[in-house]
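Residue numbering for the sequence shown is 35 to 286, as defined by the working numbering. Idealized CB from N, CA, C, for every residue including glycine. Since the structure comes first, as structure tokens, the remarks are kept for the end.
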Amino acid sequence: MRILGIDLGSREVKLILMEDNKLVEKSKFSTMTFYRDYCNHGEKLEVNLKKLGIENIDKAISTGYGRNNTNLNYFKAINELKAHVYGVFYQTGLKDFILLDVGGQDVKVVKVEKGIITDLELNEKCAASCGRYLENMANVLEISLDRMFQYYKDPIELNSTCAVFSESELIGKIAEGVSMERLCSGVNYSLYKRLQPLLNKFQGNKLVVAGGVARNLALNALLLNDYKEIIQLEEPQFNGAIGCGFYGERIG
Numbered sequence: 035m036r037i038l039g040i041d042l043g044s045r046e047v048k049l050i051l052m053e054d055n056k057l058v059e060k061s062k063f064s065t066m067t068f069y070r071d072y073c074n075h076g077e078k079l080e081v082n083l084k085k086l087g088i089e090n091i092d093k094a095i096s097t098g099y100g101r102n103n104t105n106l107n108y109f110k111a112i113n114e115l116k117a118h119v120y121g122v123f124y125q126t127g128l129k130d131f132i133l134l135d136v137g138g139q140d141v142k143v144v145k146v147e148k149g150i151i152t153d154l155e156l157n158e159k160c161a162a163s164c165g166r167y168l169e170n171m172a173n174v175l176e177i178s179l180d181r182m183f184q185y186y187k188d189p190i191e192l193n194s195t196c197a198v199f200s201e202s203e204l205i206g207k208i209a210e211g212v213s214m215e216r217l218c219s220g221v222n223y224s225l226y227k228r229l230q231p232l233l234n235k236f237q238g239n240k241l242v243v244a245g246g247v248a249r250n251l252a253l254n255a256l257l258l259n260d261y262k263e264i265i266q267l268e269e270p271q272f273n274g275a276i277g278c279g280f281y282g283e284r285i286g
């Protein structure tokens, strides 16, 4: 069985193909490029699979911000929580874990026990704890995200709780001559502090980190203050799309 999984995110669209429960293909596009170049715009949005070079699909599952906008006969939409949890099932085999997914514009924390979601926390209002915040701060520092993600020791204190004001505060620290290493550490530590209120209610040993922020080595190191083990997914950015594919396999 060939199953298409698609995660229509706020910043990027991720697609995967599964054949007989094996991941055989993956691709991603900026959300703007995907909607502009690979969709037909009518009464409802329709994904043009031919333009994507995708053929002979038995089933397609979608999730994400745009999951209800697809208008394909064989598309089934599932919510993001289910998609990401199923993605962890597929990638780790775990049934008991806490999932932290930091997206471009939101944060999800989900507790799973014996394969069932038992608790969750969401932040969809504040950009200061999301991936966009890190991108903006890296732009201010004029460095790559991967370089910024290396530093967490001796952080400069950044107190602004608003993403916009944080940029101004960071510029002020640059003007004071604070080293690049401490500035990067300060940015990463400020994200960690903002995530703590969401994570504090979840007790457990294993934390699975998904989304693009999963490659933030500094954040992962800081999270070890609260959890015994940080589980690294092989494909953290594609976790939602993978979960769609695996869900499609499971429902037959």
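Residue from the options with nearest C-alpha to residue i
{"i": "Leu38", "options": "Val119, Met214, Lys56", "result": "Lys56"}
{"i": "Lys60", "options": "Glu283, Gln271, Gly282", "result": "Gln271"}
{"i": "Cys164", "options": "Val221, Val174, Glu176, Ala111", "result": "Val221"}
{"i": "Glu191", "options": "Val58, Glu215, Asn173, Arg181", "result": "Glu215"}
{"i": "Gly98", "options": "Lys142, Glu269, Asp92, Ala248", "result": "Lys142"}
{"i": "Leu253", "options": "Glu268, Glu169, Lys227, Glu176", "result": "Lys227"}
{"i": "Glu89", "options": "Leu79, Lys116, Lys62, Glu53", "result": "Glu53"}
{"i": "Val119", "options": "Gly282, Lys78, Asn273", "result": "Asn273"}
{"i": "Leu258", "options": "Phe109, Tyr186, Glu155", "result": "Tyr186"}
{"i": "Gly279", "options": "Leu49, Leu156, Cys218", "result": "Leu49"}
{"i": "Asp188", "options": "Lys207, Ser202, Gly76, Ser219", "result": "Ser219"}
{"i": "Cys73", "options": "Asp92, Val47, Ile91, Ile95", "result": "Val47"}
{"i": "Leu233", "options": "Ile208, Arg284, Phe131, Ala209", "result": "Phe131"}
{"i": "Ile276", "options": "Arg45, Gly76, Ile95, Leu86", "result": "Ile95"}
{"i": "Leu128", "options": "Lys85, Glu176, Ile264", "result": "Ile264"}
{"i": "Lys207", "options": "Val174, Asn113, Lys85, Glu80", "result": "Val174"}
{"i": "Met66", "options": "Arg45, Leu86, Glu80", "result": "Arg45"}
Residue i, DSSP secondary structure in three states
{"i": "Val212", "result": "coil"}
{"i": "Gln184", "result": "coil"}
{"i": "Leu204", "result": "helix"}
{"i": "Phe336", "result": "The shown model of the chain, from 35 to 286, leaves out residue 336, and the question about it has no answer."}
{"i": "Lys85", "result": "helix"}
{"i": "Gln230", "result": "helix"}
{"i": "Asn90", "result": "coil"}
{"i": "Arg45", "result": "coil"}
{"i": "Asn250", "result": "coil"}
{"i": "Ile285", "result": "coil"}
{"i": "Met35", "result": "coil"}
{"i": "Phe68", "result": "helix"}
{"i": "Phe123", "result": "helix"}
{"i": "Ile190", "result": "coil"}
{"i": "Cys218", "result": "helix"}
{"i": "Leu134", "result": "strand"}
{"i": "Asn157", "result": "strand"}
{"i": "Gly149", "result": "coil"}
{"i": "Asn73", "result": "The amino acid occupying residue 73 in the given sequence is Cys; Asn does not appear at that position. In the structure shown, Cys73 sits in a strand (DSSP, three-state: E or B)."}
Status (buried if at least 16 other CB within 10 Å, exposed otherwise) for residue i
{"i": "Leu51", "result": "buried"}
{"i": "Ser178", "result": "exposed"}
{"i": "Asp41", "result": "buried"}
{"i": "Asp71", "result": "exposed"}
{"i": "Ser64", "result": "exposed"}
{"i": "Ser213", "result": "exposed"}
{"i": "Val58", "result": "exposed"}
{"i": "Gly43", "result": "buried"}
{"i": "Ala209", "result": "exposed"}
{"i": "Asp180", "result": "exposed"}
{"i": "Lys93", "result": "buried"}
{"i": "Glu176", "result": "exposed"}
{"i": "Ile285", "result": "exposed"}
Below-8 Å beta-carbon distance, residue i vs any chain C residue
{"i": "Ser219", "result": "Note that chain C does not occur in the displayed structure, where there is just one protein chain."}
Sub-8 Å separation of residue i and residue j beta-carbons
{"i": "Gln184", "j": "Leu251", "result": "yes"}
{"i": "Gly238", "j": "Tyr223", "result": "no"}
{"i": "Ser200", "j": "Met171", "result": "yes"}
{"i": "Phe267", "j": "Ala255", "result": "Reading off the sequence, residue 267 comes out as Leu, not Phe. It is not a contact, given that the beta carbons lie outside the stated cut-off."}
{"i": "Lys145", "j": "Leu154", "result": "yes"}
{"i": "Lys116", "j": "Tyr281", "result": "yes"}
{"i": "Leu204", "j": "Leu217", "result": "yes"}
{"i": "Ile91", "j": "Arg36", "result": "yes"}
Review point. Does the pairing of the stretch 134-145 with the stretch 243-258 give three or more beta-carbon distances under 8 Å?
Key: By the criterion of at least three beta-carbon pairs nearer than 8 Å, the stretch 134-145 is in contact with the stretch 243-258.
Practice item. Spell out a yes or no on whether the stretch 142-154 and the stretch 111-129 are touching, meaning 3 or more CB-CB pairs, one atom from each, closer than 8 Å. Key: With a cut-off of 8 Å, the stretch 111-129 and the stretch 142-154 count as touching, because enough Cβ pairs lie within range.
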